[in-house]
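Counting from 1, position 198 in the sequence shown corresponds to residue 318 in this note's numbering; the numbering is continuous, with no gaps.
We treat Cβ as the ideally placed atom computed from N, Cα and C, and that holds for glycine.
Here the structure is a predicted model, which is why all the values come from computation and not from measurement.
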Amino acid sequence: MVLSRSADGWTAGTPLEVLTDNRDALLAVGMNGEPLPLEHGFPVRLVVPGLYGYVSATKWVTELKVTRFADDVGYWTPRGWSERGPIKTSSRIDVPRDGRSVPAGTVAFGGVAWAQHTGIGRVELRVNRGPWQQAELAPGISTDTWYQWKLELPLTRGQYEVQVRATDLNGAAQVEDSAPVVPSGATGFHTVRVDVKS
Ligand SMILES: Nc1nc2c(c(=O)[nH]1)N[C@H]1C(S)=C(S)[C@@H](COP(=O)(O)O)O[C@H]1N2
Ligand SMILES: [Mo]
121 MVLSRSADGW
131 TAGTPLEVLT
141 DNRDALLAVG
151 MNGEPLPLEH
161 GFPVRLVVPG
171 LYGYVSATKW
181 VTELKVTRFA
191 DDVGYWTPRG
201 WSERGPIKTS
211 SRIDVPRDGR
221 SVPAGTVAFG
231 GVAWAQHTGI
241 GRVELRVNRG
251 PWQQAELAPG
261 ISTDTWYQWK
271 LELPLTRGQY
281 EVQVRATDLN
291 GAAQVEDSAP
301 VVPSGATGFH
311 TVRVDVKS
């Protein structure tokens with residue numbers, strides 16, 4: 121693995137393989153056409169598609185050392201986090217926000233889904249645990265970036281629980297069982313409650 125070290129002493133252990141398999145693993149010196157902002161790692165930081173930040177996104181990089189997981193540990197490993205942190209396929213409802221009231225009629229749902237380096241195959245929503253309904257996907261910028269999705273649903277007055285799930289381009293579905301963020305990333309379906317008023 122590659123142990124990256126930061127000016128603040130923080131470290132991350134990243135499998136060498138994900139830095140050499142031709143995904144766009146970056147040493148980033150800029151963002152949005154400008155030098156990297158200080159808070160995001162100026163002058164240089166790591167960005168690795170498909171890995172959580174705690175095992176890949178070292179800001180203010182000072183050193184890259186090729187080593188082994190058996191010989192070195194990243195900052196979070198002895199603090200209860202998994203040694204490896206591949207990003208789990210997941211999805212999110214951004215609108216409407218949880219707990220919002222919306223007028224009856226056509227309600228537009230929208231959000232993002234991600235399955236870095238594989239890509240999103242489909243996103244579905246279900247209302248009150250009913251059948252899954254397929255959302256429309258915006259064209260992916262790349263398999264490593266977030267995919268935007270939307271679905272318009274006709275809803276009459278009442279309370280609704282809406283859930284989202286993503287499936288990657290290999291057909292692997294997002295994990296339904298809820299797991300906390302520690303030690304290796306949360307699972308479960310994002311759920312919002314929407315109050316539809318007449
Ligand atoms: N030097 C240093 N780099 C770090 C961290 C840190 O604490 N120190 N946190 C990591 C984590 S867990 C994440 S999610 C990202 C967050 O990057 P951002 O602040 O640019 O969003 O930085 C990563 N790089
Ligand atoms: Mo993080």
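Reduced DSSP secondary structure (H/G/I, E/B, other) of residue i
{"i": "residue 113", "result": "Residue 113 lies beyond the residue range present for the chain, which begins at 121 and ends at 318; the question has no answer from this structure."}
{"i": "residue 227", "result": "strand"}
{"i": "residue 173", "result": "helix"}
{"i": "residue 259", "result": "coil"}
{"i": "residue 289", "result": "coil"}
{"i": "residue 137", "result": "helix"}
{"i": "residue 251", "result": "coil"}
{"i": "residue 198", "result": "helix"}
{"i": "residue 244", "result": "strand"}
{"i": "residue 159", "result": "helix"}
{"i": "residue 306", "result": "coil"}
{"i": "residue 213", "result": "strand"}
{"i": "residue 188", "result": "coil"}
{"i": "residue 127", "result": "coil"}
{"i": "residue 339", "result": "Residue 339 falls outside the range modelled here, since the chain spans only 121 to 318, and no answer is possible."}
{"i": "residue 165", "result": "strand"}
{"i": "residue 319", "result": "Any property of residue 319 remains undetermined from this structure, which presents the chain solely from 121 to 318."}
Per DSSP, cross-strand counterpart(s) of residue i
{"i": "residue 151", "result": "154"}
{"i": "residue 296", "result": "Note: residue 296 sits in no beta bridge, so no partner."}
{"i": "residue 179", "result": "Answer by DSSP bridge pairing: none, since residue 179 is not bridged."}
{"i": "residue 313", "result": "281"}
{"i": "residue 233", "result": "211 and 267"}
{"i": "residue 132", "result": "124"}
CA-to-CA distance, residue j to residue i, given in whole angstroms
{"i": "residue 255", "j": "residue 211", "result": "12 angstroms"}
{"i": "residue 145", "j": "residue 282", "result": "35 angstroms"}
{"i": "residue 219", "j": "residue 231", "result": "16 angstroms"}
{"i": "residue 198", "j": "residue 163", "result": "28 angstroms"}
{"i": "residue 175", "j": "residue 152", "result": "24 angstroms"}
{"i": "residue 299", "j": "residue 309", "result": "10 angstroms"}
{"i": "residue 251", "j": "residue 272", "result": "15 angstroms"}
{"i": "residue 133", "j": "residue 276", "result": "51 angstroms"}
{"i": "residue 305", "j": "residue 205", "result": "8 angstroms"}
{"i": "residue 149", "j": "residue 195", "result": "23 angstroms"}
{"i": "residue 158", "j": "residue 169", "result": "21 angstroms"}
{"i": "residue 239", "j": "residue 203", "result": "24 angstroms"}
{"i": "residue 268", "j": "residue 261", "result": "10 angstroms"}
{"i": "residue 247", "j": "residue 156", "result": "42 angstroms"}
{"i": "residue 294", "j": "residue 130", "result": "31 angstroms"}
Handout entry: Residues with C-beta closer than 6 angstroms to any heavy atom of ligand 1, in chain order
Key = Answer in sequence order: 126, 128, 130, 160, 173, 174, 177, 178, 179 and 180.
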